[in-house]
Amino acid sequence: MSCSAPAEILMGRAWKYGDNIDTDVIFPGRFTYTAKGREEIAAHALEDLDPEFASGVRPGDIVLGGRNWGCGSSREQAVTTLLYNGIRVVVAVSFGRIFYRNAINQGLWALTVPPEAVASARHHGEVEIDLGSGLLRSSRGETPFQAPTSELRRIVEAGGLIPHVLSQLKEAGS
Amino acid sequence: MSPVSRFTPSTGRVPADDGTACTFAQKALARAAGLSEMPAVGSIVTARPEVVLSHDNTAAIVEIWRQLDQARVAIPDRLAITLDHAVPAPTPRHAANHAAIRRFVAEQGIRRFYEAGRGICHQVLSEEAEVSPGDLILGADSHTPHFGWLGAFGAGIGRTEVAALWATGELWLTVPDSLRVCIEGELSPWVSAKDLALTLIGREGADGALYRCVEFSGACVDRLGLSERMVLANMMAEFGAKASYLAPTGEVFEYLADRVAARKARESGFSESDIDSERQHVLERLRERALYPDPGAPGMEIRIDASRVQAQVSCPHTVDRTMDVSQLGRIPVDQAFLGTCTNGRLEDLELAHRVLRGRRLSSGTRLLIVPASSQIMAEAAERGWLVDFVAAGAMIGTPGCGPCMGNHMGVLAEGEVCISSANRNFRGRMGTRDAEIYLASPAVVAASAVAGRICSPEEVVL
Ligand code: SF4
């Protein structure tokens, strides 16, 4: 699971991609039932889209996409492959809806932002995200976006749905 | 002129005049969340699904669920589990995965378990009438909107969410905006629901219905056969939709009632007359439970004139790169694949049979046919179609997903071209990133196998 402390500001180097990046290129279907363990899952990240990603990514880096990031299959490895590479936030103009849910439920921030925000970031440039106030900063300026709701914050900040449900079950049991 | 036109009766989320008209999505989620008032579009509800679906990914879900430290699944009777994605197991690793699932099913006493060979989850749960109109079904599979064919709210979710559902029986869901798609007019010969779906997705884009519930209406939709309803609902996953919906018709209720009554008869040894009255009873209950959107419910509307829709093909590597088959240049085909939860049904095999009977595959082209379920396979065998397919040179696979997601049994080599009746042509989908997948209707797939290049059935069946 990812870090469970509240993270108001996220900073990192950007990996920027286009529209309709589907789950098959984020994590190829041919490995879904066989790849096990963090390292093996991490190693295939974006393999069919950007072969340099898995070897070049550093913990804390930020992934940006255009419209419909993560469309396609419901495979959760499309999220975990990013988490296991130390990614804590994916920023896109819109998300495939299952990817979006999987991200929140695994404790990966999926932030929907206006197209200008993505446009302002450069591939491999530095990006800073203020979760509390909903601002994305890059060398080309600052763009506001809608800050995540409290329901979603609770789940992501708990580290995902499982830790969130565990604490709920504990509360119900105690 | 395009067969698709956009029409915005009331903009965005503004409800109709009196403000009380509701979408199917609102009604279905109100019921699933046990709310007496309709939830607003965009609000988050806590819903309790009737059915929670998983397949070969069940073992992975079990591992997550174990982290929750529960001895028993909270809702064993709501689970439905099928083995379908890699069947029969192609490697020891896949076999171990299946074995782990069988152990879990036995340990937890899961009744709705469908073994390898029974068929693809969406098809099997449809045939077994495990889902009723107005139900909420959540599945660890992205094509769960399939159940819109019978007027249920089906949405795909992730593995972690399924694990949480097993433990609590409930999950957060956003009430989606609805997109109404009204289809009028008659389909031309050899043009099918697949072509309707590809026309819609091609015109509006793969994210055209993102986060939304696609609610179909119109005379053309009401006339579609059950199999065609399934195609339309199933394909909405490729439109970005959260769920889809077709208003259940008399035929839908009859189909489900027959199967529910037959199952009850099997389980409790009913007599003939008991079955009849049970069937009547089920029919009434199904009709009562059905949900329909109100006239004037909020949401944008798109209209399609079916009579102007042509046979479509979706080009590599996204589903929305569509064009008329007649516009496509010469594309030689290495493999044709007929099957999947989208187009592996009896009606699809029937179309293929009309094209293939008495003909041979083009040399250099192979055809793989994978029926979506064991019932379909048995019926096709009974009708003699399988023999004719084999005589034409086709291969027949075990009911299941086949090579649809590149696991096994018919994956492609680098540089190969496949024409497929599936729903996805993403890069790498069928095993290697350097293959090209074109999507089309079963009739086009069969015709292309005979011609050795992508073509319309009219070119083969004169
Ligand atoms: S047939 Fe293909 S799309 Fe349908 S459930 Fe199986 S893998 Fe998914």
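Respectively, the protein sequence lines represent chains A and B.
Under the numbering used here, the letters of the first sequence match residues 155 to 328, in that order.
Under the numbering used here, the letters of the second sequence match residues 362 to 823, in that order.
All residues carry an ideal CB built from backbone N, CA and C; glycine is no exception.
Contact test: residue i Cβ vs the ligand SF4 heavy atom, cutoff 7 angstroms
{"i": "residue 704 of chain B", "result": "no"}
{"i": "residue 676 of chain B", "result": "no"}
{"i": "residue 784 of chain B", "result": "yes"}
{"i": "residue 518 of chain B", "result": "no"}
{"i": "residue 417 of chain B", "result": "no"}
{"i": "residue 310 of chain B", "result": "Here chain B has residues from 362 to 823 only, and residue 310 of chain B is not among them."}
{"i": "residue 779 of chain B", "result": "no"}
{"i": "residue 176 of chain A", "result": "no"}
{"i": "residue 730 of chain B", "result": "no"}
{"i": "residue 765 of chain B", "result": "yes"}
{"i": "residue 482 of chain B", "result": "yes"}
{"i": "residue 330 of chain B", "result": "This structure cannot settle anything about residue 330 of chain B, because the visible part of chain B is limited to 362 through 823."}
{"i": "residue 383 of chain B", "result": "no"}
{"i": "residue 446 of chain B", "result": "yes"}
{"i": "residue 581 of chain B", "result": "no"}
{"i": "residue 762 of chain B", "result": "yes"}
Cβ separation of residue i and residue j, assumed to be a contact under 8 angstroms, to the nearest whole Å
{"i": "residue 312 of chain B", "j": "residue 514 of chain B", "result": "Absent from the model: residue 312 of chain B. The displayed extent of chain B is 362 to 823, so no value can be given."}
{"i": "residue 559 of chain B", "j": "residue 675 of chain B", "result": "5 angstroms"}
{"i": "residue 767 of chain B", "j": "residue 730 of chain B", "result": "With 8 angstroms as the limit, residue 767 of chain B and residue 730 of chain B do not qualify as a contact, their Cβ atoms being about 18 angstroms apart."}
{"i": "residue 798 of chain B", "j": "residue 791 of chain B", "result": "6 angstroms"}
{"i": "residue 244 of chain A", "j": "residue 219 of chain A", "result": "7 angstroms"}
{"i": "residue 263 of chain A", "j": "residue 217 of chain A", "result": "Actually they are not in contact, since the Cβ atoms of residue 263 of chain A and residue 217 of chain A sit about 10 angstroms apart, beyond 8 angstroms."}
{"i": "residue 527 of chain B", "j": "residue 591 of chain B", "result": "Incorrect: roughly 27 angstroms between the Cβ atoms, too far for contact."}
{"i": "residue 365 of chain B", "j": "residue 815 of chain B", "result": "Not really, about 23 angstroms apart at Cβ, beyond 8 angstroms."}
{"i": "residue 499 of chain B", "j": "residue 477 of chain B", "result": "Contact flag wrong, Cβ pair sits at about 23 angstroms."}
Where residue i falls, given that 16 or more other Cβ within 10 Å makes a residue buried
{"i": "residue 286 of chain A", "result": "exposed"}
{"i": "residue 537 of chain B", "result": "buried"}
{"i": "residue 455 of chain B", "result": "buried"}
{"i": "residue 231 of chain A", "result": "buried"}
{"i": "residue 596 of chain B", "result": "buried"}
{"i": "residue 160 of chain A", "result": "Because the pLDDT of residue 160 of chain A is 48, which lies under 50, any placement of that residue in the model is unreliable, and the number read from its coordinates should be weighed accordingly. Under this definition residue 160 of chain A is an exposed residue."}
{"i": "residue 696 of chain B", "result": "buried"}
{"i": "residue 795 of chain B", "result": "exposed"}
{"i": "residue 603 of chain B", "result": "buried"}
{"i": "residue 373 of chain B", "result": "In this prediction, residue 373 of chain B scores a pLDDT of 35, lower than 50, which makes its location untrustworthy; the coordinate-derived value is nonetheless stated afterwards. By the neighbour-count rule (16 or more Cβ atoms within 10 Å), residue 373 of chain B is not buried but exposed."}
{"i": "residue 552 of chain B", "result": "buried"}
{"i": "residue 785 of chain B", "result": "buried"}
{"i": "residue 462 of chain B", "result": "buried"}
{"i": "residue 394 of chain B", "result": "buried"}
{"i": "residue 459 of chain B", "result": "buried"}
{"i": "residue 823 of chain B", "result": "exposed"}
{"i": "residue 637 of chain B", "result": "exposed"}
{"i": "residue 445 of chain B", "result": "buried"}
{"i": "residue 278 of chain A", "result": "exposed"}
{"i": "residue 105 of chain A", "result": "Shown here, chain A extends from 155 to 328; a query on residue 105 of chain A therefore has no answer."}
{"i": "residue 235 of chain A", "result": "buried"}
{"i": "residue 738 of chain B", "result": "buried"}
{"i": "residue 157 of chain A", "result": "Here residue 157 of chain A scores only 42 on pLDDT, less than 50, and its place in the model should not be relied on; the value that follows carries that caveat. So residue 157 of chain A ends up on the exposed side."}
{"i": "residue 326 of chain A", "result": "exposed"}
{"i": "residue 155 of chain A", "result": "Only weak support exists for where residue 155 of chain A lies, its pLDDT of 38 falling under 50; the coordinates are left without a value."}
{"i": "residue 251 of chain A", "result": "buried"}
Within-8 angstroms CB hit, residue i to chain C
{"i": "residue 311 of chain A", "result": "Among the protein chains in the structure shown, which are A and B, there is no chain C."}
May I have a chain-ordered list of the alpha helix (DSSP H) segments no shorter than 4 residues that lie completely inside the segment 390-448 of chain B? List check, alpha helix (DSSP H) in window: 419-427.
Report the residue ranges of all alpha helix (DSSP H) runs contained in full by the segment 684-716 of chain B; include only those spanning at least 4 residues, in chain order. With a minimum length of 4 residues, the continuous alpha helix (DSSP H) runs that stay inside the segment 684-716 of chain B are 701-704.
In chain order, each alpha helix (DSSP H) run of at least 4 residues that lies wholly inside the segment 616-671 of chain B: Those alpha helix (DSSP H) runs which fall completely within the segment 616-671 of chain B and span 4+ residues are 633-650.
Of all the residues that make up the segment 177-210 of chain A, which are near chain B by a beta-carbon distance shorter than 7 angstroms? For the segment 177-210 of chain A, the set of positions with a beta-carbon nearer than 7 angstroms to some beta-carbon of chain B reads 178, 179, 182, 183, 184, 187, 188, 202 in chain order.
Chain A contacts made by the segment 581-603 of chain B, where a contact means CB separation under 9 angstroms: So the list reads 598, 599, 601, 602, 603, given in the order they occur along the chain.
What are the residues in the segment 488-520 of chain B lying within 7 angstroms of chain A by C-beta distance? Those residues of the segment 488-520 of chain B that come within reach of chain A (Cβ to Cβ, closer than 7 angstroms) are 501, 502, 503, 517, 518, 519, 520.
Below 8 angstroms between beta carbons is the criterion; list the residues of the segment 522-534 of chain B that meet it against any residue of chain A, in chain order. Cβ contacts with chain A: 522, 524, 525, 528, 529, 533.
Within 7 angstroms of chain B by C-beta, residues of the segment 298-310 of chain A in sequence order: With the criterion set as a beta carbon lying under 7 angstroms from some beta carbon of chain B, the members of the segment 298-310 of chain A are 305, in sequence order.
Give, in chain order, every residue of the segment 209-238 of chain A whose Cβ lies closer than 7 angstroms to some Cβ of chain B. Within the segment 209-238 of chain A, 221, 222, 225, 226, 227, 228, 230 place their CB atoms closer than 7 angstroms to a CB of chain B, listed in sequence order.
Considering only residues of the segment 286-321 of chain A, which uninterrupted alpha helix (DSSP H) runs meet the minimum length of 4 residues and lie entirely inside it, listed in chain order? Listed in chain order, the complete alpha helix (DSSP H) runs (minimum 4 residues) inside the segment 286-321 of chain A are 304-311.
Those runs of the beta strand (DSSP E) which lie wholly inside the segment 499-527 of chain B and span at least 3 residues: With a minimum length of 3 residues, the unbroken runs of beta strand (DSSP E) contained wholly in the segment 499-527 of chain B fall at 514-517.
Going along the segment 556-576 of chain B in order, which residues come within less than 7 angstroms of chain A, judged by CB to CB distance? If the cut-off is 7 angstroms between Cβ atoms, the segment 556-576 of chain B has 567, 568, 571, 572 near chain A.
Cβ-based contacts, 7 angstroms cut-off: residues of the segment 646-680 of chain B near chain A: Of all residues in the segment 646-680 of chain B, 679 have a Cβ within less than 7 angstroms of some Cβ in chain A.
In the segment 180-209 of chain A, which residue ranges form an unbroken alpha helix (DSSP H) of at least 4 residues, counting only runs that do not cross its ends? Listed in chain order, the complete alpha helix (DSSP H) runs (minimum 4 residues) inside the segment 180-209 of chain A are 192-197.
Which complete alpha helix (DSSP H) runs does the segment 552-591 of chain B hold, if anything under 4 residues is left out? Counting whole runs of 4 or more residues, the segment 552-591 of chain B contains the alpha helix (DSSP H) stretches 554-565, 580-584.
Scan the segment 752-770 of chain B for residues whose Cβ lies nearer than 8 angstroms to a Cβ of chain A and list them as they occur along the chain. Close to chain A, meaning a Cβ-Cβ distance shorter than 8 angstroms, are the following residues of the segment 752-770 of chain B: 766, 767, 768.
Interfacial residues, the segment 402-432 of chain B to chain A, with Cβ spacing under 7 angstroms: Those residues of the segment 402-432 of chain B that come within reach of chain A (Cβ to Cβ, closer than 7 angstroms) are 405, 417, 425, 428, 429.
Taking a Cβ distance cut-off of 9 angstroms, strictly less, list which residues of the segment 242-256 of chain A are near chain B, in chain order. For the segment 242-256 of chain A, the set of residues with a beta-carbon nearer than 9 angstroms to any beta-carbon of chain B comprises 248, 249, 250, 251, 252, 253, 254, 255, 256, in chain order.
In the segment 451-468 of chain B, which residues sit with their C-beta less than 8 angstroms from some C-beta in chain A, listed in chain order? Residues of the segment 451-468 of chain B with a C-beta less than 8 angstroms from any C-beta of chain A: 452, 454, 455, 458, listed in chain order.
Going along the chain, which residues of the segment 693-722 of chain B sit with their C-beta nearer than 8 angstroms to a C-beta in chain A? So the list is empty, because no residue satisfies the distance condition.
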